[in-house]
Amino acid sequence: MNSAEILENSIKAFKLTEKHHGNITTLERALFLGWYCNLDDPCKFCFMSTQKEKIKDPLKARRKPESILAESILMKRIGWKLEFISGGYGYKTEELNDTIEMVSYIQQAKQYLNVGIIDFENLNLNNIEGVVGAVETVNPKLHEELCPGKPLSNTKEMLKKAKDMGLKTGITIILGMGETEKDIDLLLNLIEELNLDRITFYSLNPQDETVFQGKTSVTTLEYMNWVSTVRLNFPKMKIITGTWVDKLTNIGPLVMAGSNVITKFPLFSIYGKKEGKTVENEIASTGRELYSTFSDLDVLTGEKTLKNTKYVPEKIDISEKNLELINSLSKQLDKKIESYVKTTIRKSQK
Ligand code: SF4
1 MNSAEILENS IKAFKLTEKH HGNITTLERA LFLGWYCNLD DPCKFCFMST QKEKIKDPLK
61 ARRKPESILA ESILMKRIGW KLEFISGGYG YKTEELNDTI EMVSYIQQAK QYLNVGIIDF
121 ENLNLNNIEG VVGAVETVNP KLHEELCPGK PLSNTKEMLK KAKDMGLKTG ITIILGMGET
181 EKDIDLLLNL IEELNLDRIT FYSLNPQDET VFQGKTSVTT LEYMNWVSTV RLNFPKMKII
241 TGTWVDKLTN IGPLVMAGSN VITKFPLFSI YGKKEGKTVE NEIASTGREL YSTFSDLDVL
301 TGEKTLKNTK YVPEKIDISE KNLELINSLS KQLDKKIESY VKTTIRKSQK
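Pasting the structure below:
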């Protein structure tokens with residue numbers, strides 16, 4: 001497709017997005033449980049694959065509950081939904097059940113989960129809104145090369161099971177790893193086959209010590225081509241698009257191409273700084289209203305409440321055991337929140 005066609009399609013996609021989703025854009029963030037993935041053959045582009053040999057005790061590479069819960073509280077304050085709870089392969093279902101329950105309770109919101117192949121027999125579905133499969137690339141040859149440890153067939157099977165259980169489903173796709181425009185058709189077929197509710201696109205952020213070290217990523221026009229084609233074919237689908245600090249100016253074009261949500265930011269390092277404000281300006285430049293903040297320090301500290309938010313309170317039941325754990329952590333939780341807020345404010349003033 002030539003560049004003029006991509007822009008023409010994006011204009012159609014932008015109008016279609018407004019028709020089906022309104023005039024709103026939001027920010028989201030994945031909630032990470034840790035930095036260790038126990039996949040035997042890790043994915044070749046992934047930061048965690050570079051850490052695996054360096055981590056002597058995988059349990060120490062996990063976040064403490066107070067850190068996870070503090071971040072969940074702050075995300076709700078600033079109006080960012082959690083894109084999903086994530087953390088690589090290797091989490092026991094019982095641990096996941098407890099973490100998801102506490103996060104859902106604190107946020108009064110059910111969650112999406114992206115933790116590899118899920119053991120549905122033992123997963124407590126009460127607090128799950130949906131499941132995400134990390135497809136990464138739909139090009140079969142690339143997939144085999146880059147994700148040797150997680151065959152696409154297993155991810156598809158999991159997503160079909162999740163649908164059968166009444167859950168919403170989504171996938172993640174990383175652009176910039178060698179895919180071509182021809183692969184877009186494979187993606188459209190996959191979305192249709194799995195009847196997906198949402199998709200997250202990321203632009204490759206080339207990591208040191210991986211095969212992509214020093215390489216470039218997807219261009220903005222190529223990215224717009226993928227997003228607008230999906231929007232034109234699936235008008236009601238939720239489309240989440242990832243950016244990075246070195247690509248913030250692709251946000252406006254991605255919203256024009258049909259994106260509903262922007263994700264993937266080093267949140268606490270740029271909140272309230274010129275980068276956070278750039279994100280807000282990029283979204284405002286498209287005429288969309290932002291239902292989250294990336295700059296308001298009073299909202300972050302809790303002195304002010306966000307006027308518009310995507311959070312709609314849901315009833316979340318919690319076990320005695322987990323409620324007691326949250327209560328017993330209340331001092332550490334307060335300290336953690338204070339530390340996140342203080343660090344963010346300090347960085348915002350630099
Ligand atoms: S499964 Fe996810 S966390 Fe694990 S190596 Fe692959 S991309 Fe990284």
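Counting along the sequence shown from 1, when you hit position 275 you're at 275 in UniProt numbering, and nothing is skipped either side. Every residue gets a Cβ at the ideal spot worked out from N, C-alpha and C, and that includes glycine. Quick caveat, the model's predicted, so the values are computed rather than measured.
Could you give the DSSP three-state label for residue i: helix, strand or coil?
i	result
Glu282	helix
Gln51	helix
Ala162	helix
Gly79	coil
Thr305	coil
Asp348	Contrary to the premise, residue 348 reads as Ser rather than Asp in this sequence. Helix, per DSSP.
Arg231	helix
Ser217	coil
Val138	coil
Phe201	strand
Val103	helix
Val132	strand
Lys310	coil
Lys19	helix
Lys336	helix
Lys168	strand
Leu39	coil
Tyr243	A small correction: the amino acid at residue 243 is Thr; Tyr does not occupy that position in the sequence shown. Correct three-state label for Thr243: coil.
Leu194	helix
Thr155	helix
Ile6	helix
Lys44	coil
Ala70	helix
Asp298	helix
Lys315	coil
Asp98	helix
Phe120	coil
Gly211	Note on residue identity: the sequence assigns Val, not Gly, to residue 211. It is coil, neither helix nor strand.
Lys182	coil
Please confirm whether residue i and residue j have their CB atoms less than 9 Å apart.
i	j	result
Asn250	Thr220	yes
Gly87	Cys37	yes
Leu69	Leu329	yes
Thr309	Gly79	yes
Asn225	Ile240	no
Leu27	Leu297	no
Ile174	Glu136	yes
Thr286	Met256	yes
Ile100	Gln108	no
Gly66	Lys335	Note on identity: in this sequence residue 66 is Glu, with Gly being the wrong assignment. Yes, they are a contact pair.
Gly252	Val218	no
Gly149	Pro42	yes
Ile85	Leu31	yes
Tyr271	Phe234	no
Ile262	Thr17	no
Ser104	Glu320	no
Asn139	Leu96	no
Glu209	Thr50	yes
residue 351	Gly133	Lying before the first or after the last residue shown, residue 351 is absent from the chain, which here runs from 1 to 350.
residue 379	Val299	Outside the displayed range of the chain (1 to 350) lies residue 379, so it cannot be described from this structure.
What are the partner residues of residue i, as DSSP defines its beta bridges?
i	result
Ser86	Phe32 and Asn114
Leu91	Checking the displayed sequence, the identity of residue 91 turns out to be Tyr instead of Leu. According to DSSP, which records beta bridges pairwise, Tyr91 is partnered with nothing at all.
Ile174	Tyr202
residue 389	No answer is possible for residue 389: it lies beyond the span of the chain, which begins at 1 and ends at 350.
Arg62	Gly34
Ile24	Glu289
Lys238	Arg198
Taking 8 Å as the line, does the beta carbon of residue i fall inside it for any heavy atom of ligand 3?
i	result
Pro42	Although ligand 3 was asked about, the structure shown includes only ligand 1 as ligands.
*Can you give, in chain order, each stretch of the alpha helix (DSSP H) that sits fully within the region 249-294 and has at least 4 residues?*
Listed in chain order, they are 251-256, 267-270 and 274-284.
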